[in-house]
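Keeping their order, the protein sequence lines are chains A, B, C, D, E and F.
When you line the first sequence up against my numbering, it's residues 1 to 327, in that order.
When you line the second sequence up against my numbering, it's residues 328 to 654, in that order.
When you line the third sequence up against my numbering, it's residues 655 to 981, in that order.
When you line the fourth sequence up against my numbering, it's residues 982 to 1308, in that order.
When you line the fifth sequence up against my numbering, it's residues 1309 to 1635, in that order.
When you line the sixth sequence up against my numbering, it's residues 1636 to 1962, in that order.
Note that the Cβ used here is the ideal one computed from N, Cα and C, for glycine as well.
Being a predicted model, the structure only gives us computed values, none of them experimental.
Protein chains: 6
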Amino acid sequence: MEAGLEPSCREVLEAVRYGKIQSATEAALSVLKAALRCVQRASSAGEARAVLRDFFSEALEARPANALLMNVIRGAILAVRDRLAEGDLEGVRDAFERYYRDTVRSIEEVNEAIARMAVNRIEDGDCVMTYSYSTIVLRALKLAKDEGREVEVYVPESRPGLEGLHTAKELGNYGIPVTLFVDSAIRYLMKEVDKVMIGAEAIAANGAVVSKVGTSLVALAASEARVNVFVLAPTMKFSPETIYGELVELLEKRPESLVSEDKLREVGLRLGEGFGVKVPMFDVTPPEYIDAIITEKGLIAPQAVTFMLREIYGWPFRFAPIRELLG
Amino acid sequence: MEAGLEPSCREVLEAVRYGKIQSATEAALSVLKAALRCVQRASSAGEARAVLRDFFSEALEARPANALLMNVIRGAILAVRDRLAEGDLEGVRDAFERYYRDTVRSIEEVNEAIARMAVNRIEDGDCVMTYSYSTIVLRALKLAKDEGREVEVYVPESRPGLEGLHTAKELGNYGIPVTLFVDSAIRYLMKEVDKVMIGAEAIAANGAVVSKVGTSLVALAASEARVNVFVLAPTMKFSPETIYGELVELLEKRPESLVSEDKLREVGLRLGEGFGVKVPMFDVTPPEYIDAIITEKGLIAPQAVTFMLREIYGWPFRFAPIRELLG
Amino acid sequence: MEAGLEPSCREVLEAVRYGKIQSATEAALSVLKAALRCVQRASSAGEARAVLRDFFSEALEARPANALLMNVIRGAILAVRDRLAEGDLEGVRDAFERYYRDTVRSIEEVNEAIARMAVNRIEDGDCVMTYSYSTIVLRALKLAKDEGREVEVYVPESRPGLEGLHTAKELGNYGIPVTLFVDSAIRYLMKEVDKVMIGAEAIAANGAVVSKVGTSLVALAASEARVNVFVLAPTMKFSPETIYGELVELLEKRPESLVSEDKLREVGLRLGEGFGVKVPMFDVTPPEYIDAIITEKGLIAPQAVTFMLREIYGWPFRFAPIRELLG
Amino acid sequence: MEAGLEPSCREVLEAVRYGKIQSATEAALSVLKAALRCVQRASSAGEARAVLRDFFSEALEARPANALLMNVIRGAILAVRDRLAEGDLEGVRDAFERYYRDTVRSIEEVNEAIARMAVNRIEDGDCVMTYSYSTIVLRALKLAKDEGREVEVYVPESRPGLEGLHTAKELGNYGIPVTLFVDSAIRYLMKEVDKVMIGAEAIAANGAVVSKVGTSLVALAASEARVNVFVLAPTMKFSPETIYGELVELLEKRPESLVSEDKLREVGLRLGEGFGVKVPMFDVTPPEYIDAIITEKGLIAPQAVTFMLREIYGWPFRFAPIRELLG
Amino acid sequence: MEAGLEPSCREVLEAVRYGKIQSATEAALSVLKAALRCVQRASSAGEARAVLRDFFSEALEARPANALLMNVIRGAILAVRDRLAEGDLEGVRDAFERYYRDTVRSIEEVNEAIARMAVNRIEDGDCVMTYSYSTIVLRALKLAKDEGREVEVYVPESRPGLEGLHTAKELGNYGIPVTLFVDSAIRYLMKEVDKVMIGAEAIAANGAVVSKVGTSLVALAASEARVNVFVLAPTMKFSPETIYGELVELLEKRPESLVSEDKLREVGLRLGEGFGVKVPMFDVTPPEYIDAIITEKGLIAPQAVTFMLREIYGWPFRFAPIRELLG
Amino acid sequence: MEAGLEPSCREVLEAVRYGKIQSATEAALSVLKAALRCVQRASSAGEARAVLRDFFSEALEARPANALLMNVIRGAILAVRDRLAEGDLEGVRDAFERYYRDTVRSIEEVNEAIARMAVNRIEDGDCVMTYSYSTIVLRALKLAKDEGREVEVYVPESRPGLEGLHTAKELGNYGIPVTLFVDSAIRYLMKEVDKVMIGAEAIAANGAVVSKVGTSLVALAASEARVNVFVLAPTMKFSPETIYGELVELLEKRPESLVSEDKLREVGLRLGEGFGVKVPMFDVTPPEYIDAIITEKGLIAPQAVTFMLREIYGWPFRFAPIRELLG
């Protein structure tokens, strides 16, 4: 039930669910920002608690694979829990605002650190393929450009969301030459590529990378052509739940997002008995196609994710189970 | 110069060049039919010769990788050459009509034979992935359905031409359940597939298959998932030129066909300095990803194409070099 | 209906169907010999025809993958067809006897030729793994021994038929040291092996080898350990039917042959609802795990089987469809 | 010398040595239970010490690769060492009983935890292949059944011990449909399998898994067919000795266990000069064929075993060298 | 016994045996030329026969893997056999001279044809790695240069003969930029290479290529880096003997050619007990590392060599066994 | 500027730069010893500081990939820093001497520990291939010999430095049989090898091994032949810098070291326009070709290097950035 949520929050949920906001980082920050607005508008601590619980639950359902979102929500609840319990609305607002500012800044810094490390992997004259829209990858490419390295970027359009066009636009703003192409030409054009750099929605304990559907195809074609694949992701995207064998839940989009009904009607196709449409949003790239994950704590092999998880969360794990926190 | 060609021929050239007619078979037959019209409208043998030479030259340039087209044109010229030399317009018309009818029927029969053999590879309950639009593959699937086998088909949309939609439409007419999806989900959905069946634009002497761009990606993902890949193609699509080490020439489409200028403008992108678009029409699937080529002469390993070529064309090759024939 | 067949023929059918006679060569020759007896005992040409038709039909069903059997039966029918038509019983007997003698001798010579070639692949000190019971492989190993090369043989027991024990026995008679082991130790012991040599039930047009179940496991483990796999088989075992895309039919044994009911009862298991037993008799080794097929016409790559088939049967194929011959 | 051991202990040694008790867990617990009996029957602390030293030494020799046994013995000695030194027989008995009860319970809990995690990897409709007899795998499958998931299990007979029959029996008790087959059909039937789940005798520092012979063959065939392989094993089965480069010692059975002498005599084979039999009990599955090891501490990549070992034993290792403990 | 041979012939034998003449083509032509001189100097047909028999026998022993040499010698004997039998010295001289001229010209033409086809595989801007010294590869590279394509060549020194230096020299004469490097850097530098082009000593029936030792290492590194490997060789280098399973005999050089005794003494090493030196001259590149063999009859897959052999020599083979010819 | 350095130091720099001293361990110790001499000869603390700064800077430039050298220099500076600051020349000398002695002894002990572990991987009768000159590998082989195992060693000459000859010499002193061969025969002879054991210049955070050029070729050929590759290296060779994504810098030698100018002139080659020579000193072996790295802390998978680095340096890293230390 989204009954109690106000329109702007519903919009955010829609945007992150159906991929208008594809970037995992932007999705997490949009949800946090919308939650901040809710808290600011709440007239009592009780209302704030109810709204947060509903909104966060919806957000987690809308983007269940987004490990950063999960971690950010966990942090937010821990930040305001005591004030909520005391019924101190002002305290809640203050704490939430502080948490919001700190999180934005910390993500900013971490991404900067990753981009700086990633730049060491870009050599002058490199042709880099990226996929979908990743803020960290864009930052790394900009940095390379700023440091005077000549880089060229190949980017598939990434149907159906066409995030590739936005990536192309952004790179154009930095003055980096871009070539756009259909997703089906990924293997055909891989032979001109020196490196692949991609972002992630989540990273599982076994080193598998959940990302925009098509990423595993790019990684497979890169592996065939012996092109190195680097995943740029903060450790906040590591998914602690998966260490207990939980599977990452992958979403599908509404069929309409694949082809407009107009287009289908034009061809004479109608959804229903005997004609279906599948619109997976994410896929899972197995660790053997990934050469390294570049995190703010250094470059690691995908096989080492388990241990990074323990380093962060201690052992036995000290992270609060999110469903429980939401009461 | 397309000066001397009438509008309907120009349309055919456009359709086969930019892939509105993607099927290699349909492209070859369309060209042949248009040529027949030209011959019928010609007012002298001299005019017929000139028009044929111009039109065929254009057609070969429009679709240089289409081996069937090359073979059909070669046959057509040989069929009318003597009458043309004698200036016998009626004789030219008769010979061309006969050649046209024979070719249509022979292609029909050959495709039927291939489809019948391919059906032996489809088992009850199979989920078959196909790609783009192949008349032979469609026939094989219809046959399987007619024989009472339950088949289900997965088909990517095949951007930018969206031939996948037409394939889905046709299969729907046969009563075969179809699932359509974005090209980037090819690897994600391969795990549900039992077999891949695809057509070809041309088959090179080393067994490599030239086909709609994206085919090599499907074959790569199939190979990774140990799914068998069958190419259905008549020996008329084998390219004799390639035995001498000639490379098959691959075309690219006009950039507009990737994304409408409207769409680009919406995002703020403009073609030019620093922003390019690549729209390859075909790619080459290496022989190691193909389990068998099903021809009207039986099922062969891709490695055996060289010898099939010799069986057909004798040794040393008895095929007339096409550029020479066109005078 | 096996109504008209006499007991000794039924025994032969049983023996070849449930694998008491596992060797494809011995199976074919046993059937031929039993058919000869039938012909000799027939009291009229009409009875001979009826008995042959019934017996051969049963034999083909009992061992449908045995290409040698199929070829031998085809030859036998062609050899007596005219005499049968003329109702000339004596003529039928003479022709059949002659065919039988010729076939036995020709198989003898061909196997000898193959064994001689195979010996060139055995080096002094080699440890060879074989599987099940293959007369040609045994001959090749005996030849190597006779030529003074030190060879050692590793042989799995080959459950459930335990043909490995018979192979071990035979090799012992030649004075070749043998090591016997359970099938599950195939990979464990492969590291001590220099070469694998196996026989075949049939070889398909694409170079795949049909053989006793477990052969593909041996070949897989050999391929992993970079141990060469040689298949020793006369071209009579090549299956011309498969060139038209026919699938080789694989049989399963009766469940009892896996474990005696006593053994099952001892453990408390009973076949039925929820407990099944699978006893495949053959499996298919894909061509990529076979380094070479040694035939009487030389050593060939599995990829070249199609062409060997054409060389033998001409083009279009001149072999008489067996079901038709049997009227 | 087994001189001082009473008959029931000798039986246990026989059972664990020649694989009548194949399960590593059951072997460890049987040894511990028998040791408890010895302690209870001892008439002095001195006798208890002597019996334990002899019995434990024999047990380690009987099953040298069993890391759980090694860890359990180490724990038992540490539990009673002080009392033994004081000559306090009652104290020894009490301490040993407590240790026995604690160990049984702790193994119970750990196995339960692993089974719970493993269940997350079983999807509704899965066909799971297992091998030999593993208590943890059985528990995971029962759990899946109890949770209402439809599972089907394929199990090879596992010659010569035929543990597969016992596994089939147990699964039948749970109401899970089972298919039994000969070991040589492992590759043939792998195409129908969705997942492989196996137990372990020991896990080496480099992630290699020591298990019943044939396990590496199952894993190889699974890897070829892209079927995921999960090893279910508590960290007590990790072998700390191997981190210093010690090799795990693999045993062979007595030849008689392969084939009865009767069977050999029937065929005419006699062990001796030129005829040997190998009956390896265990083999080593290399880490690259294992997708994950599911431990009570979470799911880890085989490459991460080294670090898990350090987490458990600290650095430098704090585990007592077993031979030294036994004085 | 080289007793009867004059010094210049002995020199030729030395040069081809120890690889001063590494090129298989040059070796064959040198032997033929020396044989011509012998024939011209012979004072009787009897002497000519004796000298030819001795010299050719030595030459075959000196270079047993050289299939071209074997074929050329066979042809020479066939050309003069009748005249020798008639004792017609003049006739022998005439026939030999004619055969020599024809062979030189035919090899010339065939190599030219191959080079022309190979040029189609070189694209503008390509970096080609070659190995040792191959006249056909040099010709292809010169042709590419003459046609205006920019090519760059990487060549290992090819120890111990240092043929790489001669290749570098020759390419320098054509104005093609060359980079020379130690053999151990083959993998390190492969990443900068677009194609590999090599010659051959002989090509076996299964498509394996015998060539200067190190060639298989180049092919392996190319295969790893997905760089295409082309072998340029006339069908005269196909070895008909190998179709019967004969193994190609590989030679080793005298140890001195590896390191001068001075160098060894400097370090303090002396050949003998416990210190050996291996100087293999050739190695065998397996067919799976070769993308195509470019012959004068077209580009073929290595798997198709068997059939090319039959096309040339007919079936059953019509080639005269060389040892027999030499009487 | 090497202005201030005395001749013996310059010699050391030359020797380690151009590979006369190829062993990474010997290079590090030579530099340390030369630095000790400098310190002993310095007439003031100020001079000692200046000389150390200059000499260490040069040494790091001469051998930038040598992680051991980097670690040893870091330690030396830390050992004398305080005394230098206080201007206490005697204190500096004492501290440096103590550091030198401790380091020599500690490297000695660590290498011994590694060799002891490595010996467990050598079985009686093994043929081991090594490459270049590694003190630890030599020690492990000597140990194996001393323990009575029969070992045989294959060693390529390792052009251009010919370190293989020195390795052969040393092994000869131990009484171990050695076979020397040209680098290009590495693949040809790999089939006779049971194990590969090599040393390292540095080990990167992702498990890649930097070593003498050609090492990656040995590892590739071993991987193809399924021969295990062990790298023997102390954790002091792990490169902490690489965890931040720093690339290891690889050096090239002066061209003259490849071939003497005399040799080039003899052939007619001259360095310059269109003729270049590449003499890489090191290459990088990817982790997938390495089975295990044997360190003094146990045997680890290459994927585990990151975590070993953290164990050693803590987190966040506590190592002093070397350039900063040198002030």
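How far does the beta strand (DSSP E) with residue i in it extend, from its first residue to its last?
{"i": "LEU596 (chain B)", "result": "Premise fails: LEU596 (chain B) is in no beta strand (DSSP E) and is neither H nor E."}
{"i": "MET1110 (chain D)", "result": "1108 to 1110"}
{"i": "SER23 (chain A)", "result": "Run containing SER23 (chain A): none; DSSP gives neither H nor E here."}
{"i": "GLY1584 (chain E)", "result": "1583 to 1586"}
Below 8 Å on the Cβ atoms is my contact criterion, and I expect residue i with residue j to pass it. Report the Cβ-Cβ distance as a whole number of Å.
{"i": "LEU84 (chain A)", "j": "ALA48 (chain A)", "result": "7 Å"}
{"i": "GLU1471 (chain E)", "j": "GLN1348 (chain E)", "result": "Going by Cβ atoms, the distance from GLU1471 (chain E) to GLN1348 (chain E) rounds to 31 Å, so no, they are not a contact pair."}
{"i": "LYS522 (chain B)", "j": "ARG448 (chain B)", "result": "7 Å"}
{"i": "THR215 (chain A)", "j": "TYR131 (chain A)", "result": "5 Å"}
Which bits of chain F does residue i rub up against, with CB to CB less than 7 Å?
{"i": "GLU1539 (chain E)", "result": "Going by the sequence as given, residue 1539 (chain E) is Val instead of Glu. Chain F residues near VAL1539 (chain E): none, gap ~17 Å exceeds 7 Å."}
Taking Cβ-Cβ distances shorter than 7 Å, what residues in chain D pair up with residue i?
{"i": "PHE1942 (chain F)", "result": "PHE1288"}
For residue i, go through chain B and note every residue whose CB falls closer than 8 Å to its CB, in chain order.
{"i": "ALA859 (chain C)", "result": "GLY625, LEU626, ILE627"}
Which residue comes first and which comes last in the alpha helix (DSSP H) that contains residue i?
{"i": "SER433 (chain B)", "result": "416 to 446"}
{"i": "GLU903 (chain C)", "result": "Counting along the chain, GLU903 (chain C) falls outside any alpha helix (DSSP H), and DSSP gives it neither H nor E."}
{"i": "PRO7 (chain A)", "result": "7 to 17"}
What does residue i touch in chain A if you count any residue whose Cβ is under 7 Å from its own?
{"i": "LEU465 (chain B)", "result": "Going along chain A, no residue has its Cβ under 7 Å from LEU465 (chain B), so there is no contact; the nearest lies around 15 Å."}
Since residue i meets chain E, which of its residues come closer than 7 Å, beta carbon to beta carbon?
{"i": "GLN957 (chain C)", "result": "GLN1611"}
Any heavy atom of the ligand FAD inside 8 Å of the beta-carbon of residue i?
{"i": "GLY779 (chain C)", "result": "Within the structure as shown, the ligand FAD is missing, as the structure has no ligands at all."}
Under 8 Å between beta-carbons, which chain A residues line up against residue i? List them in chain order, please.
{"i": "ALA1189 (chain D)", "result": "By Cβ distance, chain A contributes nothing, its closest Cβ being about 15 Å from ALA1189 (chain D), past 8 Å."}
At least three beta-carbon pairs within less than 8 Å, the segment 678 to 692 of chain C to the segment 630 to 640 of chain B: no
Cβ pair count under 8 Å reaching 3, the segment 1749 to 1756 of chain F against the segment 1923 to 1931 of chain F: yes
The segment 507 to 520 of chain B in contact with the segment 604 to 619 of chain B per 3-pair CB rule at 8 Å: no
Segment contact flag, the segment 137 to 153 of chain A with the segment 166 to 179 of chain A, C-beta cutoff 8 Å, min 3 pairs: yes
Three CB pairs or more closer than 8 Å across the segment 140 to 147 of chain A and the segment 98 to 110 of chain A: no
Segment contact, 8 Å Cβ cut-off, at least three pairs: the segment 1504 to 1516 of chain E with the segment 1536 to 1550 of chain E: yes
Start-end ranges of the beta strand (DSSP E) lying completely within the segment 1803 to 1864 of chain F, minimum 3 residues: 1813 to 1816, 1830 to 1833, 1844 to 1847
Complete alpha helix (DSSP H) runs within the segment 939 to 974 of chain C (minimum length 4 residues, chain order): 959 to 967
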